[in-house]
Amino acid sequence: MMKKKSVSARKASLVLFLCQMISALDVPLDSKLLEELSQPPTITQQSPKDYIVDPRENIVIQCEAKGKPPPSFSWTRNGTHFDIDKDAQVTMKPNSGTLVINIMNGGKAEAYEGVYQCTARNERGAAISNNIVIRPSRSPLWTKEKLEPNHVREGDSLVLHCRPPVGLPPPIIFWMDNAFQRLPQSERVSQGLNGDLYFSNVQPEDTREDYICYARFNHTQTIQQKQPISVKVFSMDSLNDTIAANLSDTDIFGAKPVTERQPVLLTPTGSTSTKVELRGNVLLLECIAAGLPTPVIRWIKEGGELPANRTFFENFKKTLKIIDVSEADSGNYKCIARNRLGSAHHVISVTVKAAPYWITAPRNLVLSPGEDGTLICRANGNPKPNISWLANGVPIAIAPEDPSRKVDGDTIIFSHVQERSSSVYQCNASNEYGYLLANAFVNVLAEPPRILTPANKLYQVIADSPALLDCAYFGSPKPEIEWFKGVKGSILRGNEYVFHDNGTLEIPVAQKDSTGTYTCVARNELGKIQNEVHLEVKDPTMIIKQPEYKVIQRYGQVSFECVIKHDSTLLPTIIWLKDNDELPDDERFLVGKDNLTIMNVTDKDDGTYTCIVNTTLDSVSASAVLTVVAAPPTPAIIYARPNPPFDLELTGQLERSVELSWIPGDENNSPITNFVIEYEDGLHEPGVWHYQTEVPGTQTTVQLKLSPYVNYSFRVIAVNEIGRSQPSEPSEQYLTKSANPDENPSNVQGIGSEPDNLVITWESLKGFQSNGPGLQYKVSWRQKDVDDEWTSVIVANVSKYIVSGTPTFVPYEIKVQALNDLGYAPEPSEVIGHSGEDLPMVAPGNVQVHVINSTLAKVHWDTVPLKTVRGHLQGYKVYYWKVQSLSIRSRRHVEKKILTFRGNKTFGMLPGLEPYSSYKLNVRVVNGKGEGPASPDKVFKTPEGVPSSPSFLRITNPTLDSLTLEWGSPTHPNGVLTSYILKFQPINNTHELGPLVEIRIPANESSLILKNLNYSTRYKFYFNAQTSVGSGSQITEEAITIMDEVQPLYPRIRNVTTAAAETYANISWEYEGPDHANFYVEYGVAGSKEDWKKEIVNGSRSFFVLKGLTPGTAYKVRVGAEGLSGFRSSEDVFETGPAMASRQVDIATQGWFIGLMCAVALLILILLIVCFIRRNKGGKYPVKEKEDAHADPEIQPMKEDDGTFGEYSDAEDHKPLKKGSRTPSDRTVKKEDSDDSLVDYGEGVNGQFNEDGSFIGQYSGKKEKEPAEGNESSEAPSPVNAMNSFV
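This is the structure we're talking about:
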């Protein structure tokens, strides 16, 4: 117990000591300083620990180091000194420790096998390299063996053993036939990890004599071949034929066809096995089974899941591959082989060990005499590595003692170091699976201060800008820095200066009086040094007269001024730009000292001109716009396009050139600016003219370059400012001789369309580019960065070739060369392409979501390894969707949203989220093939927001001093409702608002009775909901208390309904109040801020027709009474019907047509009455009952209970009509929702009313509704629609 306490106390004191350590010095990366300071050796380059060399080439063992003074080098071999001077085959490179062993001149690589270690040494210590094990690669021949043919019965399993020779490194195994074609593999036939070829069951097509196993030794670039193996598969039919002569009929009848078998594992054998793998390596587990039908392999991990994003299945799921394994991957892995007859399984117990790996590697330490420091070396592994220290390559236990040094396990503590304490220490962490070796030096420097900033350096700044004066320094111990101004100035202090740790003095706002000499002083216990720098503060550059906006006539002259003021010691330069680009290269633009003049202005000169003034310290600019307008009209001159050239002549015909001449046509008052020469290839593209060249308008001859194997004709087109002439007549034809192609196809690309192919495409040569008959292409390719020979194929005149059997997404070098019957084109250039992409293998990991606010979140993820993308990385897709609202516990249809983030980004923003909701998201990587697997769903929640407005607010039951308020909760609460806020205030007769009263209502209430109100007073109400975040939008209503409970003083207008047609709408309402009220209708476009339009209603009617409306437009409407304190109804909203292409609706609004329709309706009514009299012979006339009950349709009585129109019964069924409902919430009247509204008396919205508001067809007998198609009705048709049907 006491021992444990002492150990804990010692650890506590060590931690306290480390916390009190003085930080080591930082050495500036100044080349001159580094050359002067002493430094122990540091190994900068060395060969790998396990170094396999080519026995045919010289052996180069690298060892490079740096130090001051430069280090010397020595080597050990197999633990003893290696004297290179005694071996003529071994040399060391100058100023280096790298060894070169000459094998190519007689040496043998086997003689130099062994363990090598390099030591770099100077007066400050010695650094050592890793132990470098040198082994020459080996590719032995196959041992000779006699291979017997394999006779196998159909359906049996078979294993063809490869048994390759043991090489260094091990060879790569593959199976091919005599034609060097890879043998096809499948779930039934596959190659194992040991190179053997396994048949789960053989089939007759497996019969062949050339199963050949190949071993490829990459290091020596050799391939060894095993003798061919013969396989003969006998089917049951052939066996029966063979033994038919020797067996009885009964025996033959008993021979069954192929027998199905349940799975049996071919490898591994037994029920269990073990596997040890090292951390960070790739774990490969294999199970191959026999059986008929072919078994399917499945893998599981007992007691856990296979690691996501690191697990892959290969060889038709027979191989389980886990990359970058860790200790957590240890466990039992079970493979299960199954077919319809049964299953077999095998358990592999995996143990993951670990070679040492760094937790904290020791780092170089630069200290001053008397300072303290530590070297820490921490590593981990399985088993736990052993930590040992060396000093200058010697175990620290036998190294010379240093009183300032104390070793405590993985830490060396230095106290009060001296210069003699400088050494190089090595930390070795090792276990049975490997070791780590790290060099770290302790360099104790006693250096007086040095100032690295050049003396008398001049700094120049503009007034009112920051000034930074450098004083880079070094010293050991670390010097203290002080700044002075002037020769005898005092030390600088105060808020107007900023002193940086690197010695820099900052003046945040430099003024003119800041100009002067500044002195930097660095001092430590070994000395003192100072350096002077100079600061000049300059006046800013200003444009005192800026260019101004100009309007100039075409062909006039304009000038822009740019007068500047600047510091006299600075040299300014003035640059003029047009539309942020250089001025046109035109002699019309004249740049003066302080102005820009443009002569003979044209329309092209229109634009923005900018004057930019630059000095070495600042830059200013100013801009102005030039607008060019037309000049006054001048007498018209007729300008026209030129006439075509004529008399074309070819002279000086050569194989590759010819001279063409012509005579120009009339230029028609506009000078010819240039001639365009075109050619026709009568051999390849007759009738198609191509651009050849163009020459100035003063030139009438041109030397034309020609291509071989083209039948040329030429024509010339003249061009002036008006346009192009008609083409000239073609010249005579000239056929050039054939030749090799001059060029190769362009736009050569290699892009795979499938994971295992490479599609090579190119743009074929044009006909005349072939230079001769028989155009073909030589397509060549080889895998990049692999020392393979070119593979070539010659194809016909096509533009694509597909290479099959390629690895997935690897780079290829590609070239395409043209050839014809006369030979090849020049050697083509190489391009880089890639074989086909495959879907990404892994999903992004470490997905994190940071919710920024209630509608915005930021998602982070780790990039996937590029090797798992298996294609061109295009970006990442984030899928996210709302799971549910946290305030309304109801699920809905999940609508996933997708955001794509291009490139190798690791974060993205998710906008437009709904507050107080639960979301899920996942991330997928995208390449050219598609999307990879999704990351595990990440759940996040958005915080509360403010709610939407309450769904409705109704005010009912008005009395003398109270009103009843009813409301609906918000459609989108966006959180937990805390309360409702009601505000209201009275409105007097002049529409002035009174004092505002506010009431807070609990969130669970849905109605409220307001009492103690003033009688006969109008109130305006404002109502909104609240969450903990704040208040939502409000809804408003108005209501009035009554004056007298028996007879209200003010009128009441309610149940305003609308029935809209294309260009008009019928407005109806119910009125309660004094007689002889004069009504008016106000309306306007819904959502518009324009004033209401007002229409006066003649008489005391309770309906009105609004005319001249716009089709397909939403309108707002309200009804008021004149002279009654401006009383109005609540607003209603309706929408006119869409514009109709037919003119029938327009006719229906004409007066003469309405009269005609009324006459037709009257005739039809008379005929109906006569028919009813004859049928019923004295029975009831329902139409007569209607007429008696409602003689005047404009003053129909309302029902007392709900104010609707009176109901009518048909004489045949006496069933009451369905009561109508009021206007629905969307303010439109629907046929199925209102049977007693005005809509019931028409044939639809577009034909139900005359313009005066009377009802068409109201005398038609109304029956029970039956299903109807389109806009047809079971009611008797109105005369308007009846006439429309006749037209």
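Under my numbering, the very last position in the sequence shown is 1298; numbers go up by exactly one each time. Just so it is clear, CB atoms sit at the ideal spot from N, CA and C, and this is done for glycine as well. These figures come from a predicted structure and were not determined experimentally.
query	result
Hey, would you say A440 sits closer than 7 Å to P367, going by beta carbons?	yes
Out of P406, T371, L386, L1007, state which residue places its alpha-carbon closest to the alpha-carbon of T422.	L386
Can you say whether P105 is buried or exposed, counting buried as having 16 or more other CB atoms within 10 angstroms of its CB?	exposed
If you draw a straight line from the C-alpha of S85 to the C-alpha of V453, how long is it?	22 Å
Leaving out five residues on either side along the sequence, give the residues of the same chain with a beta carbon under 6 Å from the beta carbon of P66.	A120, P147
Can we say the region 648 to 655 touches the region 677 to 689, given the rule of at least three CB pairs closer than 8 Å?	yes
Excluding the 5 residues preceding and the 5 following D849 in the sequence, name in chain order all residues of the same chain whose CB lies nearer than 8 Å to its CB.	P766, T819, F820, R881, G882, K940
Tell me whether D382 sits in a helix, a strand or coil according to DSSP, three-state version.	Inspection of the sequence shows that residue 382 is occupied by Glu rather than by Asp. The answer is coil: DSSP assigns E382 none of H, G, I, E or B.
Just checking my contact of D692 with V721 at CB under 8 Å: how many whole Å lie between their CB atoms?	5 Å
May I have the straight-line CA-CA distance separating V862 from F951, to the nearest angstrom?	8 Å
Please report how far the alpha carbon of F963 lies from the alpha carbon of K916, in whole angstroms.	46 Å
For the alpha helix (DSSP H) that contains L877, what are its first and last residues?	877 to 880
Which one of S476, D948, G567, V200 has the shortest CA to CA distance from K907?	D948
Using the three-state DSSP reduction, which class does A226 fall into: helix, strand or coil?	strand
Let me make sure I understand the geometry here. Which of F191, Q214, E216, M187 has the alpha-carbon closest to that of Q202?	M187
Out of L303, P380, G497, which one is the CA nearest neighbour of L352?	L303
For the region 300 to 315 and the region 342 to 351, state whether three or more C-beta atom pairs, one from each stretch, are separated by less than 8 Å.	yes
Hey, out of N768, L769, S764, Q760, whose CA is closest to S775's CA?	Q760
Would you please state the rounded distance, in angstroms, between the beta carbons of L993 and I1012? I believe it to be under 8 Å.	6 Å
Would you grab the beta carbon distance between K332 and F323 for me? Rounded to a whole angstrom, and I think it's under 8 Å.	4 Å
P926: buried (16+ other C-beta within 10 angstroms of its C-beta) or exposed?	buried
Can you tell me whether DSSP reads D614 as helix, strand or coil?	helix
Determine, using beta carbons only, whether S150 comes closer than 7 Å to chain B.	Protein chain content of the structure displayed is limited to a single chain, and chain B is not contained in it.
Would you list the residues sitting across from C622 in a DSSP beta bridge?	W587, A633
Measure the alpha-carbon distance for Q1259 versus G986 and round it to whole angstroms.	Low per-residue confidence applies at Q1259: pLDDT is 39, beneath 50, and the placement is therefore not dependable, though the value from the model is reported in the following sentence. C-alpha separation (whole angstroms): 47 Å.
Suppose you measure from the CA of D918 to the CA of S865; what does that come to, to the nearest Å?	The displayed chain sequence assigns Phe, not Asp, to residue 918. Answer to the nearest angstrom: the Cα atoms are 19 Å apart.
Give the straight-line distance between the Cα atoms of G763 and V957, rounded to the nearest whole angstrom.	53 Å
Under 8 Å, with one C-beta from each stretch per pair, do the region 495 to 505 and the region 513 to 531 reach the 3-pair mark?	yes
Taking only the alpha-carbon atoms, compute the straight-line gap between S928 and L867 and give it to the nearest angstrom.	12 Å
Are the beta-carbon atoms of V624 and I585 separated by less than 7 Å?	yes
Can you look up G1301 in the DSSP assignment and give me helix, strand or coil?	Summary: the structure shown does not reach residue 1301, with the chain confined to residues 12 through 1298, and so no result is reported for it.
May I ask you to list the residues that DSSP assigns as paired with W978?	L964
Can the beta-carbon of H871 be found closer than 7 Å to that of Q859?	yes
Under the three-state reduction of DSSP, which class applies to F510: helix, strand or coil?	strand
Please list, in chain order, all residues of the same chain as I843 whose beta carbon is under 8 Å from its beta carbon, the five residues on each side excluded.	G761, K795, P822, Y823, E824, I825
So is Q56 buried or exposed if we call it buried at 16+ other beta carbons inside 10 Å?	exposed
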